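Protein chains in written order, with my numbering: chain A, 1 to 348; chain B, 349 to 644.
Following: one structure in structure tokens, then a few remarks.
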């Protein structure tokens, strides 16, 4: 109480107006603006918004037109993904859980694919029936899973001493980065069949994943290259002096450090990738944004644009923010300073 | 004679790459022969036959595909140029607001960046188009007399007609890119040594003058590369115009490909037009960079 009083006294209105008149006017103006916007938003929420278009269709947003009797499969997958996220973010973990968490994360993608597509003991579900948030997550995770190793290889290739590797990686990265994503996706849908043998037929979801992956790999490569450049030259020299061969230096010395430095940039890429899966809504997949488009075309929900968009935006915002938090957690885990503290604790 | 090992490696890799490309091109040619299309650019001179909603230069459906594509390219250039200017202004304001001493200003700009960057651009464009512009009344609103009129078809400022598609795209791109530019500007300002801030304050310069004369000039070398890549992103993102029905280069080539079936040629033209756009942006940014370096 005393503290607040003291501060109020310090920033007393008179002094504020006298010392910083512009600051005072700007603050008052912004206050009024915020008040006005807040009234508009609250009155829309209470008086105008009709959330039937959201509450009646929660299943559609989550899984699209996935067969109703099988809907537990994607539901379980998404539920375990969100549980895992919460566990990773909140628990101070020790021992077994700490060791097994990375492996559980790695297992999430294959288990998701098996649950969605069908496998041992599960009825196969064709990919054109996938949709909603489940499809968004599958698209983002699988293409990230392909793009990551491809991007690392491209980054290493671009730094290679062999001219052919260096220039072919460089050309690939630069040309991919100069083209808009929607063009890659559109021509992925259109051209991939043209470049494959006649009898080959791959479905739209796989084509989309491949297109996202080859696009994202170029961006991953540049971020990893940035990380590689940040490694002091002495590290390589020290490794050479220890008698490591170039392959060992790349895998044991350079990559771990480069990837750790690149985590913030790679996080932005991952968030961008998830957001960009929404582009498939224009190209005919019914992922999260696509399903909202088809809902808005339904005469029952005509004109309910704002409700749907606010809801979808909230879902995207929540996912992207938790991705950013997860990445920050990972960065803390891998921080060398914290690692040394931990090992000191152990030795003591 | 001893052949160096690295030379052998390169030979093997070149062989593998050419094998993969060869197989891909063989498939392509087999498929093209099978569908009877082939590759040529003669169709560019045939009449396009479709109307364009937005034309900066005279265009009628009987004009050639080449001319239609060029109009689309000009439309792209137009929306990129305007949103580039507006996004830069917005980004500078929001970025410097992040280091403001006013808590309210600071938190509004943080909220803006945190909100806009975590929501897909496409969703934002849908919002501006369907919610903000298409829900306007059919009869023009005229808040300040004849100078400005606004309806769900067009915006009219001082006699100049602007389509709502252009407006929605412009606002969406500006607000989205502005948030990224704000981050670039903030990073640039942070890259300036704290001592510089303290020195100008102790010399009695006020915040605004100090920012303009001391901090911003020193942060420019750190800001310009980030700005360039944001401008390139803006150019690429402008292809989402197709979602709001604005006739940019991508939308026109999409229509062209659907009509003619010339996917490969269409892709090549799209790539070339983007190459020119990118060169325009990086070229002018390089000139700017040189100017800044000279001032420094």
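Ideal Cβ positions, reconstructed from N, Cα and C, are used throughout, including at glycine.
Small disclaimer: the values here were computed from a predicted structure and weren't measured.
- Neighbours of residue 626 of chain B in chain A, taken as residues whose beta carbon is under 7 angstroms from its own, are 178 in chain order.
- Shown here for residue 184 of chain A: same chain residues with a beta carbon closer than 6 angstroms to its own, the five before and five after excluded, namely 211, 215 in chain order.
- In the structure shown, the three-state DSSP call for residue 328 of chain A is helix.
- Looking at the backbone, the Cα of residue 192 of chain A and that of residue 368 of chain B are separated by about 14 angstroms.
- Across the set A:55, A:124, A:44, A:258, the C-alpha of A:124 shows the shortest separation from the C-alpha of residue 74 of chain A.
- With a beta-carbon spacing of about 4 angstroms, residue 594 of chain B and residue 513 of chain B fall inside the 8 angstroms limit used to define contacts.
- The continuous stretches of beta strand (DSSP E) do not include residue 143 of chain A, which lies in the alpha helix (DSSP H) extending over residues 132-158.
- If the five residues before and after residue 223 of chain A are omitted, its C-beta is found closer than 7 angstroms to the C-beta atoms of 262, 265, 266, 269, all from its own chain and listed in chain order.
- At a beta-carbon threshold of 7 angstroms, none of the residues of chain A lie near residue 427 of chain B; the nearest stands roughly 13 angstroms away.
- Taken through DSSP and simplified to helix, strand or coil, residue 122 of chain A comes out as coil.
- In this structure residue 601 of chain B is in contact with residue 618 of chain B, their Cβ atoms being roughly 5 angstroms apart against a cut-off of 8 angstroms.
- For residue 412 of chain B, the beta-bridge partners assigned by DSSP are B:395.
- Given a length threshold of 4 residues, each whole run of the alpha helix (DSSP H) inside the segment 233-306 of chain A is given here in chain order: 233-241, 255-276, 288-296.
- Beyond the five residues adjoining it in sequence on each side, residue 297 of chain A comes within less than 6 angstroms, by CB distance, of no other residue in the same chain.
- Taking 9 angstroms as the cut-off, the Cβ atoms of residue 477 of chain B and residue 520 of chain B count as close.
- Interface annotation, residue 75 of chain A: not in contact with chain B, CB-CB separation never under 9 angstroms.
- Less than 9 angstroms separates the beta-carbon of residue 572 of chain B from that of residue 640 of chain B.
- Listed in chain order, the positions of the segment 478-492 of chain B with a beta carbon within less than 9 angstroms of a beta carbon of chain A are 478, 479, 482, 483.
- Taking a Cβ-Cβ threshold of 7 angstroms, the residues of chain A close to residue 456 of chain B are 30, in chain order.
- With a threshold of 16 other beta carbon atoms within 10 Å, residue 634 of chain B falls short and is exposed.
- Minimum Cα-Cα distance from residue 399 of chain B among the listed residues B:629, B:604, B:625 corresponds to B:604.
- Of B:498, B:557, B:583, B:518, the smallest CA-CA separation from residue 181 of chain A is found for B:583.
- DSSP, read as helix, strand or coil, puts residue 497 of chain B in strand.
- Ranked by how close their Cα comes to the Cα of residue 131 of chain A, the residues A:70, A:65, A:143 have A:65 in first place.
- For residue 578 of chain B, no chain A residue has a Cβ inside 7 angstroms of its Cβ, as the nearest lies near 13 angstroms away.
- Put simply, the segment 40-59 of chain A touches the segment 291-307 of chain A. At least three CB pairs are less than 8 angstroms apart.
- For the set A:202, A:253, A:279, A:27, the Cα lying nearest the Cα of residue 451 of chain B is the one of A:27.
- Taking 8 angstroms as the Cβ-Cβ cut-off, the segment 545-571 of chain B has no residue approaching chain A.
- For the 9 angstroms CB-CB criterion, residue 197 of chain A and residue 375 of chain B form a contact.
- One finds nothing in chain A with a Cβ atom closer than 8 angstroms to the Cβ of residue 366 of chain B; even the nearest lies about 10 angstroms away.
- Here residue 63 of chain A carries a helix assignment [DSSP, helix/strand/coil].
- Straight-line measurement puts the Cα of residue 557 of chain B at about 17 angstroms from the Cα of residue 443 of chain B.
- Exclusion of the five residues before and after residue 328 of chain A leaves no residue of its chain whose Cβ lies closer than 6 angstroms to its Cβ.
- Among the residues facing chain B, residue 168 of chain A is included, as its CB has a counterpart in that chain under 9 angstroms away.
- Measuring C-alpha to C-alpha distances from residue 151 of chain A to each of A:220, A:53, A:301 identifies A:220 as the nearest.
- The segment 489-501 of chain B makes no contact with the segment 402-409 of chain B; the number of CB pairs closer than 8 angstroms stays below 3.
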